[in-house]
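Chains A and B, in that order, give the protein sequences. Counting along the first sequence from 1, when you hit position 274 you're at 274 in the numbering used here, and nothing is skipped either side. Counting along the second sequence from 1, when you hit position 18 you're at 18 in the numbering used here, and nothing is skipped either side.
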Amino acid sequence: MPSQPSEHEVRVLSRRFGLPNSASIDTYLANDGYRALEKALKEMTPDSILEELKVSNLRGRGGAGFPTGMKWSFVPRQSPKPKYIVCNADESEPGTCKDRLLMEYDPHQLIEGILIAGIVVGSHQGYIYVRGEYRYLIDILDRALEEAYARGYLGKNILGSGFDFDLYTHTGAGAYECGEESALLESLEGKRGIPRIRPPFPAVAGLYASPTVLNNVETFSSVPPIIVNGGKWYAELGTPRNGGTRLFVLSGHVKRPGVYELPMGTPLRKLIYDVGGGIIGDKKLKAVIPGGSSTPVLTADAIDTPLDFDSVAKAGSMLGSGAVIVMHEDTCIVRAALRIMQFYAHESCGWCIPCREGTNWLKKTLTRFHSGGGREEDIGLIEDLAKNMLGRTFCPLGDAAAMPTIAFVQKFRNEFEMHLAGQPCPFEKHGQLVGA
Amino acid sequence: MQFSTQLEEKFHRLAQHYPVKRSALVPMLLFAQDEYGFLSKEIIAEISRRMDLTVLDVEGTISYYSMLRTKPAGRFHLQICTNISCMLRGGDKLFDHAKTKLGIGNGEVTPDGLFSLEEVECIGACAWAPAIQVNYDFHHELTPERLDQLIDEIQRVSRV
Ligand SMILES: Cc1cc2nc3c(=O)[nH]c(=O)nc-3n(C[C@H](O)[C@H](O)[C@H](O)COP(=O)(O)O)c2cc1C
Ligand code: FES
């Protein structure tokens, strides 16, 4: 860890990974560190920074792909309330383990990105909300924060500019739902992580009901290279409306799973076969989940889909968190659907009834189905239950559970039918389960 | 109740990070648990008192977070991920193996208090699957054999 670099990578965010002491401020400073901050403070205005971001076509790496420049421009800068910057380092979407590397190997890049957000919206305080399981990263981040304070990149009168900014880490304590922005803010206020109804959006009323910029770790980490090299340069690395590179997490049945930085729009085929070395055992590809467990599965014939937000949407799914989960021919799709639903049933916070009840009924129905007790009408029931959850909850966790389920049923109906033949699971032979 | 100097210092620092006192609650609970192994009635009462919250309110918060516990775990808490990326690489076989090896089920503690076992959701190590955490330490790309070695090693070191 990190993975062996691949020759196909275009390393912008990850270019310092692998340098000796890459997390230290000295390594950072020796490799363009805090140059973006200097430029932002001394040569740019909040508006010109926003302009670069808009030109860059940077879109949020947390899941929804919302244009970052636009999000920051929604913050009412003139508001008399204090403004906050919150970094989402909850990283809990199954399949996703990229923010971890950005914090472990280049924490200062993240700090610098957060500082630039602070300059743009006139905020003087921020928090990095780190999932509880990532305790070692809190230690790494705290050390980096200490270094930044000691060298005058955080605190009062940063680089003599008159700009003040304080930044702290904050630990979660185990809850996928706390990655959802409004639940995260509740959690950061010390409460149960229950989602808030929107509008108002966090940009207007977020942390402590104050204007708040909330972005993913990778989104913030992308900002310094954009400021140093320009929005146009960044945009041109990707495809139209999908600027830059992103860290793709390749997992499942590939020969070389790992985290790889590739241009937006890299074809799925290239990721799986060239970067990932192909399918283990040279088996046939069956299915790919392209953006974390919340995103609808793609069948093998989608192999030439370019991995950018718009192209994956056109193929009927979402690029989400960039977590590409590969399944080969021996995988039982019903079982995959069941395992994913177990997760959502476990993580539903229980606030909205369609999500709380829907995930549990789906889990029970899929469990029965997979163990051989399914009935023909269950196939329609699963689809129907899932469809009835869509759009009926405070936060998108309900949709995140429903959408992949609908896709599993619609695209792999034959596998559900195969389970009806009486035997439990047709893919489980001689105790050998799905997988390696 | 007085906590250790180290923990008191942590609490003191935390209190200065937030304009609203309650924001420190979840980190305080987790840091206290790290030191004492679990959140006893006494700890909960003390933290509630310090935060000007009712015990009921704090217990309600604790029950939301999967890492917070009100009963002791083993000294070495094995958390095995069986979520999708790990499952595809044998995560559930690993979990079954651990149950047999330790002779305990999900959420249980071995009689000597050395190990506890938990099937967990994605821990953020999907590209290095199957993955587990022992307390806060990650172990990647495990096989049943490597898990055995890890458990044996812990047992050996803990005996001396
Ligand atoms: C159930 C749920 C879980 C989420 N988990 C995360 C997460 O772990 N990390 C993350 O950055 N975004 C997560 N998101 C997305 C956030 O709500 C939010 O859109 C994102 O952090 C915004 O940052 P971005 O614009 O930089 O992508 C989650 C969303 C939902 C509905
Ligand atoms: S699925 Fe096991 S670590 Fe992510």
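From the three backbone atoms N, C-alpha and C, an ideal C-beta is built for every residue, glycine too.
Cutoff 7 Å: residue i Cβ touching any chain A Cβ
i	result
E121 (chain B)	yes
S48 (chain B)	no
A45 (chain B)	no
L88 (chain B)	yes
A125 (chain B)	yes
V26 (chain B)	yes
R146 (chain B)	no
R13 (chain B)	no
T70 (chain B)	no
I84 (chain B)	yes
V20 (chain B)	yes
Y36 (chain B)	no
L30 (chain B)	yes
Any non-hydrogen atom of ligand 1 closer than 6 Å to residue i Cβ
i	result
L377 (chain A)	In the sequence as presented, Leu is not what sits at residue 377 (chain A); that position holds Glu. No; taking the cut-off as 6 Å, the Cβ of E377 (chain A) has no heavy atom of ligand 1 nearer than that.
S523 (chain A)	This structure gives no information on residue 523 (chain A), because the portion of chain A shown stretches from 1 to 436.
A36 (chain A)	no
E181 (chain A)	yes
T219 (chain A)	yes
A470 (chain A)	No statement about residue 470 (chain A) is possible, as the shown extent of chain A runs from 1 to 436 and does not include it.
C395 (chain A)	yes
A386 (chain A)	no
G391 (chain A)	no
S64 (chain A)	Before going on, a small fix: residue 64 (chain A) reads as Ala here, not Ser. Yes; taking the cut-off as 6 Å, the Cβ of A64 (chain A) has a heavy atom of ligand 1 nearer than that.
G60 (chain A)	yes
N242 (chain A)	no
N106 (chain B)	no
N57 (chain A)	no
Any non-hydrogen atom of ligand 2 within 6 Å of residue i CB
i	result
S85 (chain B)	yes
C122 (chain B)	yes
A131 (chain B)	yes
A98 (chain B)	no
A323 (chain A)	no
A125 (chain B)	yes
C352 (chain A)	no
Residue-level contact to chain B via CB, residue i, 7 Å cutoff
i	result
E329 (chain A)	no
Q432 (chain A)	Model confidence at Q432 (chain A) stands at a pLDDT of 45, short of 50, so the residue's coordinates are unreliable; what they give is reported in the following sentence. Output row for Q432 (chain A): interface = no.
G435 (chain A)	Residue confidence for G435 (chain A) is low, a pLDDT of 42 falling below 50, so the modelled location carries little weight and cannot support an answer.
V437 (chain A)	Not covered by the structure: residue 437 (chain A). The range shown for chain A is 1 to 436.
F352 (chain A)	In the sequence on display, residue 352 (chain A) carries Cys and not Phe. No, because no Cβ of chain B sits closer than 7 Å to the Cβ of C352 (chain A).
C87 (chain A)	no
P257 (chain A)	yes
S6 (chain A)	no
S272 (chain A)	According to the sequence as given, residue 272 (chain A) is Ile; it is not Ser. Answer no: the Cβ-Cβ gap between I272 (chain A) and chain B never drops below 7 Å.
Buried or exposed (CB count within 10 angstroms, at least 16 for buried), residue i
i	result
E146 (chain A)	exposed
N57 (chain A)	buried
G431 (chain A)	Interpretation of G431 (chain A) is limited by its pLDDT of 44, a score under 50 that renders its predicted location unreliable; the figure taken from the coordinates is listed afterwards. Looking at its Cβ environment, which holds fewer than 16 other Cβ atoms inside 10 Å, G431 (chain A) is exposed.
T54 (chain B)	exposed
E383 (chain A)	buried
L50 (chain A)	buried
A150 (chain A)	exposed
I340 (chain A)	buried
N135 (chain B)	exposed
V326 (chain A)	buried
N106 (chain B)	exposed
V434 (chain A)	Unreliable positioning characterises V434 (chain A) in this predicted model, as indicated by a pLDDT of 46, which lies under 50. The coordinate reading is nonetheless provided below. Buried is the call here.
R192 (chain A)	buried
D378 (chain A)	buried
Nearest to residue i (by Cα), restricted to the options the options
i	options	result
N88 (chain A)	A:D32, A:L159, A:E177, A:R16	A:E177
S321 (chain A)	A:M264, A:I353, A:K286	A:M264
P80 (chain A)	A:G316, A:N216, A:V204	A:V204
C53 (chain A)	A:N242, A:V223, A:S371, A:P424	Just to set this straight, residue 53 (chain A) is Leu in the shown sequence, not Cys. Taking only the C-alpha atoms, the option nearest L53 (chain A) is A:V223.
Y28 (chain A)	A:A40, A:I85, A:Y105	A:Y105
R122 (chain B)	A:Q342, A:F408, A:R15, A:K284	For the sequence presented, residue 122 (chain B) should be read as Cys rather than Arg. The option with the nearest alpha carbon to C122 (chain B) is A:Q342.
D47 (chain A)	A:G193, A:K314, A:R77, A:R61	A:R77
A64 (chain A)	A:L167, A:G118, A:P225, A:L214	A:L214
Q125 (chain A)	A:I140, A:F408, A:P82	A:P82
L319 (chain A)	A:D399, A:G62, A:R35	A:G62
Closer than 6 Å: residue i CB and nearest ligand 3 heavy atom
i	result
C81 (chain B)	In the structure shown, ligand 3 is absent; the only ligands present are ligand 1 and ligand 2.
Supposed close pair residue i, residue j - CB separation, criterion 8 Å
i	j	result
P94 (chain A)	S293 (chain A)	4 Å
P72 (chain B)	F95 (chain B)	Contact doesn't hold; Cβ gap of about 21 Å is too wide.
L362 (chain A)	A386 (chain A)	6 Å
L504 (chain A)	I279 (chain A)	Outside the displayed span of chain A (1 to 436) sits residue 504 (chain A), for which this structure offers no information.
V249 (chain A)	P404 (chain A)	Going by Cβ atoms, the distance from V249 (chain A) to P404 (chain A) rounds to 17 Å, so no, they are not a contact pair.
I47 (chain B)	I80 (chain B)	No, I47 (chain B) and I80 (chain B) are not in contact; Cβ-Cβ is about 30 Å, not under 8 Å.
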